[in-house]
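If you're matching positions, the sequence shown starts at 41 in this note's numbering and goes up one per residue.
Before any comments, here is the structure.
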Amino acid sequence: MNPDALTHTASATHDAVLVPLLSLFLVMGLIQVIRPQLLWRVNARLQKGWVKSPDATEPTSKGYALQRVSGVVFLGVATWMLIQVL
41 MNPDALTHTA SATHDAVLVP LLSLFLVMGL IQVIRPQLLW RVNARLQKGW
91 VKSPDATEPT SKGYALQRVS GVVFLGVATW MLIQVL
């Protein structure tokens, strides 16, 4: 069997898994940039078991601004990775 054929098959399978995963990352990054409050609401629901007041953990406006900046960086990296895969 041709080793190049095996490498190509493995690469195609790897790409088939990475594209939807990176697309999901792009959607999450967009949510983080556009509406970071949505991500906080989901996280607050997950904290209810061990945090007395999950509402008290909401970030300030500066915290949300920092999340937006990190979301832009995250989108850049995820986009670069998706371009490399395609």
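For glycine and all other residues, C-beta sits at the position ideal for the given N, C-alpha and C.
Does DSSP put residue i in a helix, a strand or coil?
i, result
"T119", "helix"
"M41", "Bear in mind that the predicted position of M41 carries a pLDDT of just 49, short of 50, making it unreliable; the figure below should be weighed with that in mind. Residue state, collapsed to three classes: coil."
"L126", "coil"
"P99", "coil"
"S93", "coil"
At which residues does the alpha helix (DSSP H) containing residue i begin and terminate?
i, result
"A84", "P76 to Q87"
Going along the chain, which residues of its own chain have a beta-carbon closer than 7 Å to the beta-carbon of residue i, five neighbours each way excluded?
i, result
"K102", "none"
"M68", "none"
"T97", "A84, Q87 and V91"
What residues in its chain sit with their C-beta under 6 Å from that of residue i, if we drop five residues either side in the sequence?
i, result
"L46", "Because L46 carries a pLDDT of 47, less than 50, the predicted location of this residue cannot be relied on, and the following value inherits that uncertainty. So no residue of the chain qualifies."
"A84", "P94"
Applying the criterion that 16 or more other CB atoms from any shown protein chain within 10 Å of the CB defines a buried residue, is residue i buried or exposed?
i, result
"A118", "buried"
"I123", "exposed"
"L137", "Here the chain covers residues 41 to 126 and nothing more, so residue 137 does not appear."
"Q87", "exposed"
So, at 8 Å on beta carbons, what are the nonlocal neighbours of residue i in its own chain, with the 5 sequence-adjacent residues on each side left out?
i, result
"V125", "D55, L58, V59 and L62"
- Should the segment 63-83 be regarded as contacting the segment 108-118, the criterion being three or more beta carbon pairs within less than 8 Å? yes
- Item | Contact the segment 56-66 vs the segment 80-95: 3+ CB pairs below 8 Å | no
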